[in-house]
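Data block below; observations after.
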Amino acid sequence: MSELLSAALMLIGASFLLLAAVGVVRMPDLFTRMQPATKAATLGVACMLLAVAVYFGRIGITTRAVAGIAFFFLTAPVTAHLLGRAAYFVGVPLWEGTVIDELRDKYDPLTHTCRSSAEPALDVRGDPRTDG
Amino acid sequence: MSAGGVLAIVDPVIFSMLSVALFLAFVRLVRGPSLPDRVVALDLIAALTVGFIAVYAIDTGERVFLDVAIVVALITFLGTVAFARYIERRASSE
Numbered sequence: 012m013s014e015l016l017s018a019a020l021m022l023i024g025a026s027f028l029l030l031a032a033v034g035v036v037r038m039p040d041l042f043t044r045m046q047p048a049t050k051a052a053t054l055g056v057a058c059m060l061l062a063v064a065v066y067f068g069r070i071g072i073t074t075r076a077v078a079g080i081a082f083f084f085l086t087a088p089v090t091a092h093l094l095g096r097a098a099y100f101v102g103v104p105l106w107e108g109t110v111i112d113e114l115r116d117k118y119d120p121l122t123h124t125c126r127s128s129a130e131p132a133l134d135v136r137g138d139p140r141t142d143g
Numbered sequence: 009m010s011a012g013g014v015l016a017i018v019d020p021v022i023f024s025m026l027s028v029a030l031f032l033a034f035v036r037l038v039r040g041p042s043l044p045d046r047v048v049a050l051d052l053i054a055a056l057t058v059g060f061i062a063v064y065a066i067d068t069g070e071r072v073f074l075d076v077a078i079v080v081a082l083i084t085f086l087g088t089v090a091f092a093r094y095i096e097r098r099a100s101s102e
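Protein chains in written order, with my numbering: chain Y, 12 to 143; chain P, 9 to 102.
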């Protein structure tokens with residue numbers, strides 16, 4: 012029974028990982044590519060580790076598998092955010108079909124801080140770029 | 009192979025699916041127009057490696073491989089964070 016369940020979980024996980032790889036190849040620009048690489052891959056790996064936990068069915072293995080899943084769920088958004096932020100600063104081009112870029116002119120290019128839409132836009136005097 | 013009937017059938021299918029996924033991620037790693045694209049591909053390759061190790065642990069019935077998978081996941085996280093910092097630093101120093 013546990014064998015059947017773990018086989019099904021492995022199949023689901025492998026399908027998600029394959030879909031993630033297809034998405035990474037097929038998506039048009041970096042920021043859409045990060046979507047499958049982060050979400051689908053996280054779900055796929057979680058299914059795989061869950062399959063290991065179900066197959067062995069021991070408390071030590073299950074604890075380690077759940078810890079691994081929790082680690083993946085915590086770190087995947089962090090890496091995606093750091094990488095997307097860095098790529099935005101580098102100026103990786105957006106897809107030509109992009110409808111809206113809400114971060115445009117929000118980032119200070121010198122200090123890399125982001126200002127919210129409630130604050131007024133940068134004028135020439137307040138712009139730290141003109142200092143010195 | 010310690011696995012029984014169902015897993016003997018399913019395991020080759022899963023290994024081949026993961027291999028195809030690894031090949032596709034490698035295509036993106038080679039083709040990726042920018043450095044962040046390649047880092048994304050490397051991240052995906054690491055996730056696929058963790059999946060491979062998990063399936064291999066079930067295939068061989070060796071429980072120790074789960075620890076290996078967790079360690080690979082940990083090191084990959086550190087590597088991707090370092091890459092992101094490097095890209096951002098390089099952008100601000102130019």
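Just so you know, even glycine gets a beta-carbon here, dropped at the ideal spot from N, CA and C.
Residue-level contact to chain P via CB, residue i, 8 Å cutoff
i                : result
Glu14 (chain Y)  : yes
Asp142 (chain Y) : Unreliable placement is indicated for Asp142 (chain Y), whose pLDDT of 43 sits below 50; no coordinate value is reported for it.
Arg44 (chain Y)  : yes
Ile70 (chain Y)  : no
Ala32 (chain Y)  : yes
Tyr118 (chain Y) : no
Leu2 (chain Y)   : With chain Y covering 12 to 143 only, the question about residue 2 (chain Y) has no answer from this structure.
Rounded C-alpha distance that separates residue i from residue j
i                : j                : result
Phe73 (chain P)  : Ser101 (chain P) : 42 Å
Lys118 (chain Y) : Arg126 (chain Y) : It should be pointed out that residue 118 (chain Y) corresponds to Tyr in this sequence rather than to Lys. Between Tyr118 (chain Y) and Arg126 (chain Y), the C-alpha separation is close to 7 Å.
Leu26 (chain P)  : Leu121 (chain Y) : 43 Å
Ala49 (chain P)  : Asp116 (chain Y) : 29 Å
Met59 (chain Y)  : Asp67 (chain P)  : 12 Å
Thr43 (chain Y)  : Ala76 (chain Y)  : 29 Å
Leu41 (chain Y)  : Leu52 (chain P)  : 13 Å
Ala57 (chain Y)  : Gly13 (chain P)  : 24 Å
Ala25 (chain Y)  : Phe34 (chain P)  : 17 Å
Cutoff 8 Å: residue i Cβ touching any chain Y Cβ
i                : result
Arg36 (chain P)  : yes
Ser100 (chain P) : yes
Arg46 (chain P)  : no
Thr68 (chain P)  : no
Ile22 (chain P)  : yes
Ile95 (chain P)  : yes
Residues of its chain near residue i, where Cβ-Cβ distance is below 7 Å and the 5 sequence neighbours each way are ignored
i                : result
Tyr105 (chain P) : Absent from the structure is residue 105 (chain P), since the part of chain P shown begins at 9 and ends at 102.
Cβ distance (whole Å) where residue i is taken to contact residue j below 8 Å
i               : j                : result
Ala81 (chain P) : Phe82 (chain Y)  : 6 Å
Ala32 (chain Y) : Ala90 (chain P)  : Not really, about 23 Å apart at Cβ, beyond 8 Å.
Pro41 (chain P) : Val101 (chain Y) : That belief does not hold up - the Cβ atoms of Pro41 (chain P) and Val101 (chain Y) are roughly 12 Å apart, past 8 Å.
Close beta carbons around residue i, own chain, < 8 Å, minus the five adjacent residues each side
i               : result
Gln46 (chain Y) : Gly34, Met38
Problem set entry | Meets three-Cβ-pair contact criterion under 8 Å: the region 86-100 of chain P and the region 82-100 of chain Y | Contact between the region 86-100 of chain P and the region 82-100 of chain Y is present, because at least three Cβ pairs lie under 8 Å.
Exercise. Would you call the region 54-73 of chain Y and the region 106-114 of chain Y in contact, with 3 or more CB pairs under 8 Å?
Worked result: The region 54-73 of chain Y is not in contact with the region 106-114 of chain Y.
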